[in-house]
Amino acid sequence: MKPAFFLLSILFCAFSSGVAQSSPLLCGHRGGFEGNWPENSLSRFDEVAKAFGDKAFMVELDVRESADGVLFVLHDETLERTTNGQGKIAGTPSRALKKLLQKDPSGKLTSENLLRWDKALQWLAKHPNARFMVDTKGEIHEKVIQRIQHYGLEGQCLLLTFSLPHSELVAKLTSKALISCLVSSESDWDNIRQLNLPSRRQVIYVNDKTPLPLLAEMKKTGVAITADVSETRKNQHAAFPKDYYTRLVAEKMVDILITDFPVEVKGYFL
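For the record, in the sequence shown the residue sitting at position 40 is 40 according to our numbering, with numbers rising by one throughout.
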């Protein structure tokens, strides 16, 4: 099977019926917040990969640009919280960023360097059962996608977009990667449909504002649904009980579930 269609086949063969699956594809938010590994780090990704074995899984990560145009994996605009650097990543040259060390969840410095986007993609290429959910920070979508294409990994990537202009742009830049579009209302859905994307390439990102009848309507078109749990924000850095996840997946017809605790939640579904 060609790599470009690997992710598509895994996701959409099962979802073509328009019925939510009892076992969603699990996605670790920034790799997940379990254990003592830095967020958005290869050590954290390795631990998730080890836990899932040969099962399919997904890692959500964030990509930002340095002052001289090099791409790194970092959630925050600034460096202080997760590295021993200071200031904004956008104002820091790559030669300085490459020397930075990441912090673990307690704030303790580790021996792991700030992750470059290319290094993350090289890791993905070695893990055929893994996928990346890519949150591009800033107007760097073309650069991010070019590197994905360089490694031939479009079929293992889902690109997040949170506005119609970004959805349109990403759709023009890649014909193979999955595209996630945020839909909170009927008008959002109407706008997304005007893009004329094949349903097999669409993943609809829903939230608490998305009406349940609209979810059912979208599902009938063959798109996949993704939603995040946000345990760290909503449940004081702890996982919810099992029934919370199973109910969420059933009610929102979720195909890709984004969680801060992918390893623990794995036990609820796999």
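Even for Gly, the Cβ is constructed at its ideal location relative to N, Cα and C.
| Query | Result |
| --- | --- |
| List, from N- to C-terminal side, the beta strand (DSSP E) runs of 3 residues or more that fit wholly inside the stretch 50-117. | 57-65, 71-73, 101-103 and 109-113 |
| Could you check the C-alpha separation between Glu186 and Gln194 for me, to the nearest Å? | 13 Å |
| Where does the unbroken beta strand (DSSP E) through Leu257 begin, and where does it stop? | Ile256 to Thr259 |
| Which ranges does the alpha helix (DSSP H) cover as unbroken runs of at least 4 residues, wholly within the stretch 186-240, from first to last along the chain? | 186-193, 212-219 and 231-234 |
| Can you list, in chain order, the residues of its chain whose CB lies under 8 Å from that of Glu251, leaving out five sequence neighbours each side? | Leu212 |
| Count the other CB atoms within 10 Å of the CB of Thr82; is the residue buried (16 or more) or exposed (fewer)? | buried |
| So, is Gln202 buried or exposed, given that buried needs 16 or more other C-beta atoms within 10 angstroms? | buried |
| Could you pull out every residue in the same chain whose Cβ sits closer than 6 Å to the Cβ of Phe162, ignoring the five residues on either side in sequence? | Leu182 |
| Could you check the C-alpha separation between Lys220 and Asp255 for me, to the nearest Å? | 13 Å |
| Between Arg233, Asp135 and Leu164, which lies nearest to Trp189 when the distance is taken from Cα to Cα? | Leu164 |
| Please go through the stretch 131-189 and give each complete alpha helix (DSSP H) segment of 4 or more residues, from N-terminal end onward. | 141-150 and 164-173 |
| Short of 8 Å in beta carbon distance, which residues of its chain neighbour Ser23, apart from the five on each side in sequence? Order them along the chain. | Phe269 and Leu270 |
| Under 6 Å Cβ to Cβ from Thr259, same chain only, skipping five residues before and after it: list those, please. | Val229 and Val265 |
| Can you find the residues in the same chain that come closer than 6 Å, C-beta to C-beta, to Asp135, ignoring five residues on each side of it along the sequence? | Asp62 and Leu160 |
| Could you check which residue in Phe261, Thr226 and Tyr244 has the C-alpha nearest to that of Ala238? | Phe261 |
| Does the Cβ-Cβ distance between Leu121 and His166 come in under 9 Å? | no |
| What is the rounded straight-line gap between the Cα of Phe45 and the Cα of Pro105? | 15 Å |
| Can you give the Cα-Cα distance for Val70 and His127, rounded to whole angstroms? | 24 Å |
| Does the beta-carbon distance from Ala67 to Gly91 come in below 9 Å? | yes |
| Would you grab the beta carbon distance between Gly87 and Glu60 for me? Rounded to a whole angstrom, and I think it's under 8 Å. | 25 Å between Cβ atoms; not a contact. |
| Closer than 6 Å by C-beta to Val144: which residues in its own chain qualify, once you throw out the five before and the five after it? Chain order, please. | Val63 and Thr136 |
| Once the 5 residues before and after Gly107 are set aside, which same chain residues still bring their CB inside 6 Å of it? | none |
| Here's the rule I'm using: 16 or more other beta-carbon atoms within 10 Å means buried, otherwise exposed. How should Lys98 be labelled? | exposed |
| Does DSSP put Gly35 in a helix, a strand or coil? | coil |
| Indicate the three-state DSSP secondary structure (helix, strand or coil) for Leu26 in the structure shown. | strand |
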